[in-house]
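Asker: The structure's right below; bear with me while I get my questions together.
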Amino acid sequence: MSEKLLSNHHLRKIEQSESLIKSYKKLRDYCYQLKVIATTEADQNEIRILIGKIDFVIDHIMLKKGEHRPEDLRRTNLLPLINCLRKKFDMTKISLEDLK
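The opening residue of the sequence shown carries number 5 in this note's numbering; numbering runs sequentially from there.
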């Protein structure tokens, strides 16, 4: 009985690790896409969607690690990135509220 319980626990840990690895790979890919978008012409919608995906993956990784991002810190870590994109593309219409 304890061997079965131990092996189930071990399998769950492996599955969680694989899920985290997939999430980190997604985050890396999304950040690369954002870098590409920053060097080309992109519309506001593309940027909003990509930033939303990045934010979602960050939350997913934190939850998998048993952490929670406080509500008042959501998306604020993306503020410098948003400001940089605003300047590059003169996107003064993008706000944190739009990205929620």
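Cβ atoms here follow ideal geometry from the backbone N, Cα and C, with glycine treated the same way. Being a predicted model, the structure only gives us computed values, none of them experimental.
Take M66 as the anchor and find which of I55, L15, Q20 and R52 has the nearest alpha-carbon.
Answerer: What you label residue 66 is simply residue 62 of the sequence shown in a count that begins at 1. Among I55, L15, Q20 and R52, the Cα nearest to that of M66 belongs to Q20.
Asker: Taking the alpha carbon of D63 as the reference point, which residue from K30, N12, L15 and R16 has its own alpha carbon closest?
Answerer: The residue you call residue 63 lines up with position 59 of the sequence shown. Closest by alpha carbon: K30.
Asker: Which stretch, first to last residue, makes up the alpha helix (DSSP H) that contains D105?
Answerer: Lying outside 5 to 104, the shown extent of the chain, residue 105 is not represented and no answer is given.
Asker: From the DSSP output, in three-state form, read off E71 for me.
Answerer: In the sequence shown, the residue the question calls residue 71 occupies position 67. If DSSP states are grouped into helix, strand and coil, E71 belongs with coil.
Asker: Quick check: is any heavy atom of the ligand GTP less than 8 Å from the C-beta of L67?
Answerer: The ligand GTP is absent from the structure shown, which contains no ligand whatsoever.
Asker: Figure out for me which residue from R52, E22 and S23 has the closest Cα to the Cα of Y34.
Answerer: Counted from its first residue, the sequence shown places residue 34 at position 30. Answer by Cα proximity: R52.
Asker: Going by C-alpha to C-alpha distance, which of S27, E50, Y36 and V40 sits closest to K69?
Answerer: Residue numbering aside, residue 69 sits at position 65 when the sequence shown is read from its first letter. Looking at the Cα atoms, S27 is the closest of the given residues.
Asker: Assuming E50 and I41 are in contact, meaning their beta carbons sit under 8 Å apart, how far apart are those beta carbons, in whole angstroms?
Answerer: Within the sequence shown, residue 50 is the residue found at index 46, counting from 1. Within the sequence shown, residue 41 is the residue found at index 37, counting from 1. Rounded, the Cβ-Cβ distance is 6 Å, consistent with contact.
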